[in-house]
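Going by the working numbering, the letters in the sequence shown line up with residues 168 to 428, in that order.
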Amino acid sequence: MGEKQIDAYVKKWLKEARQRIIRSFDDILYIQTKSDKSDLVTNIDKEIEQFFIRNIRTVFPGHHIIGEEGFGDDLKRLDGTVWLIDPIDGTMNFVHQQRNFMISIGVYEDGVGKYGYIYDVIHDELYYAIKGKGAYFNDRAIAKLREDVAVAEALISINASWLTRNYCMDASRLIQLVKDVRGTRSYGSAALEFAYVATGRLDAYLTMRLSPWDFAAGKIIVEELGGIVTTLKGEPLKLLEKNAVLVSKPGLHKQLLTYLR
168 MGEKQIDAYV KKWLKEARQR IIRSFDDILY IQTKSDKSDL VTNIDKEIEQ FFIRNIRTVF
228 PGHHIIGEEG FGDDLKRLDG TVWLIDPIDG TMNFVHQQRN FMISIGVYED GVGKYGYIYD
288 VIHDELYYAI KGKGAYFNDR AIAKLREDVA VAEALISINA SWLTRNYCMD ASRLIQLVKD
348 VRGTRSYGSA ALEFAYVATG RLDAYLTMRL SPWDFAAGKI IVEELGGIVT TLKGEPLKLL
408 EKNAVLVSKP GLHKQLLTYL R
């Protein structure tokens, strides 16, 4: 199926998933931890991922799927059409706040990002892009990211945990960056932070550890607008591995790399 069919189906399924999630607020959540106490998964994460997988396999039987909760395919390569799905990005926010969580879907063809969707379930706000066709917020075109921003005027997103001793980065360098920028934020959802860079609500977002389903959609949207998405070393992301990620407006990227290398 072509571009219009994929886009139409994704938007339809997102609306249906929203209704399922909102109905779940009246039910008891079954919460488990994965890698540590802050890495949560609920029965709703699993149910929503399975909902998307059932629909994709029915309508697009030749496509492959990678899902955060493990109900998709075990892929070593991105050959063909591959969907990367995070059914609830920001599960801790979902559990504690019932807001500030997103559904994130990226569709790649032979390793190239073609369709990216980030859906704010509670606010019914959709950020999406089709490669070569622009990026949109609730069907309104988003302007290209051309603004040059000095570090001293930048609002960046970074999790406070990375400013403590960690195995990924010399925290003192990040502390200096935090001192030099205008301000910092942390929203607890990588997809939301990608969306905020795309719309200019943030100038940059950096983090030490994202999985492919965390960044698959956001990468497509930000890059369609001229933003830059790399590792903290300025290298291309490895699409089937965990990455340390820097997302920024184009004029800020090189400045931020000087703190990170």
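Don't be surprised by glycine CBs; every beta carbon is placed ideally from N, CA and C.
Next on the checklist: Check for me: the alpha helix (DSSP H) holding Tyr426 runs from which residue to which?
Outcome noted: Counting from 1 along the sequence shown, the entry for residue 426 is found at position 259. 420–427 is the extent of the alpha helix (DSSP H) around Tyr426.
Checklist entry - Just curious, the beta strand (DSSP E) that Tyr294 is in, first and last residue? => result In the sequence shown, counting from the first residue as 1, residue 294 sits at position 127. Note, Tyr294: beta strand (DSSP E), 292–297.
Next on the checklist: What does the alpha-carbon distance come out to for the pair Ile289 and Lys405?
Outcome noted: Translated into positions along the sequence shown, residue 289 becomes position 122. Translated into positions along the sequence shown, residue 405 becomes position 238. Their Cα atoms are separated by approximately 31 angstroms.
Checklist entry - Who does Tyr372 pair with in a DSSP beta bridge? => result To locate residue 372, count along the sequence shown from 1; it is residue 205. Partner(s): Ser324, Val414.
Checklist entry - Would DSSP call Phe219 helix, strand or coil? => result Position 52 of the sequence shown, counted from the start, is the residue given in the question as residue 219. Of the three classes helix, strand and coil, the one that applies to Phe219 here is helix, per DSSP.
Item to check | Nearest candidate by alpha-carbon position, reference Gly200, set Trp180, His231, Ile189, Glu236 | outcome: What you label residue 200 is simply residue 33 of the sequence shown in a count that begins at 1. According to the sequence as given, residue 200 is Thr; it is not Gly. Cα-wise, what sits closest to Thr200 is Glu236.
Next on the checklist: Please report the straight-line C-alpha distance between Pro228 and Glu214, rounded to a whole angstrom.
Outcome noted: To locate residue 228, count along the sequence shown from 1; it is residue 61. To locate residue 214, count along the sequence shown from 1; it is residue 47. Going from the Cα of Pro228 to the Cα of Glu214 covers about 20 angstroms.
Checklist entry - CB-CB under 7 angstroms to Gly394, same chain, minus the five flanking residues each way: which ones, in chain order? => result Residue 394 sits at position 227 when you count from the first residue of the sequence shown. The residues are Leu312, Val364, Ala365, Val414, Ser415, Lys416, Pro417.
Checklist entry - Can you check whether the CB of Ser356 is closer than 8 angstroms to the CB of Ala327? => result Stepping through the sequence shown from its first residue, residue 327 is reached at position 160. Stepping through the sequence shown from its first residue, residue 356 is reached at position 189. Not a contact, by the Cβ cut-off of 8 angstroms.
Next on the checklist: Taking the alpha-carbon of Ile211 as reference, which of Gly301, Phe192, Gly239 has the nearest alpha-carbon?
Outcome noted: Residue numbering aside, residue 211 sits at position 44 when the sequence shown is read from its first letter. Minimum Cα distance to Ile211 is reached at Phe192.
Checklist entry - Between Leu399 and Ala411, is the Cβ-Cβ spacing less than 8 angstroms? => result Taking the first residue of the sequence shown as position 1, residue 399 is located at position 232. Taking the first residue of the sequence shown as position 1, residue 411 is located at position 244. Their beta carbons are under 8 angstroms apart, which means Leu399 touches Ala411 by this criterion.
Checklist entry - For Gly401, which of helix, strand or coil comes out of DSSP? => result Residue mapping note: residue 401 aligns to position 234 of the sequence shown, counting from 1. Note: Gly401 maps to coil in three-state DSSP.
Next on the checklist: On the DSSP letters alone, give me the boundaries of the alpha helix (DSSP H) that Ala365 sits inside.
Outcome noted: In the sequence shown, residue 365 corresponds to position 198, counting from 1. From DSSP, the alpha helix (DSSP H) with Ala365 extends over 357–365.
Checklist entry - Under the three-state reduction of DSSP, which class applies to His230: helix, strand or coil? => result As a position in the sequence shown, residue 230 is number 63, starting the count at 1. Correct three-state label for His230: coil.
Item to check | Backbone secondary structure at Ile395 - three-state DSSP | outcome: Taking the sequence shown and counting its residues from 1, one reaches residue 395 at position 228. Correct three-state label for Ile395: strand.
Checklist entry - According to the Cβ coordinates, are Leu251 and Ile233 closer than 8 angstroms? => result Position 84 of the sequence shown, counting from 1, holds the residue named residue 251. Position 66 of the sequence shown, counting from 1, holds the residue named residue 233. Going by C-beta atoms, Leu251 is nearer than 8 angstroms to Ile233.
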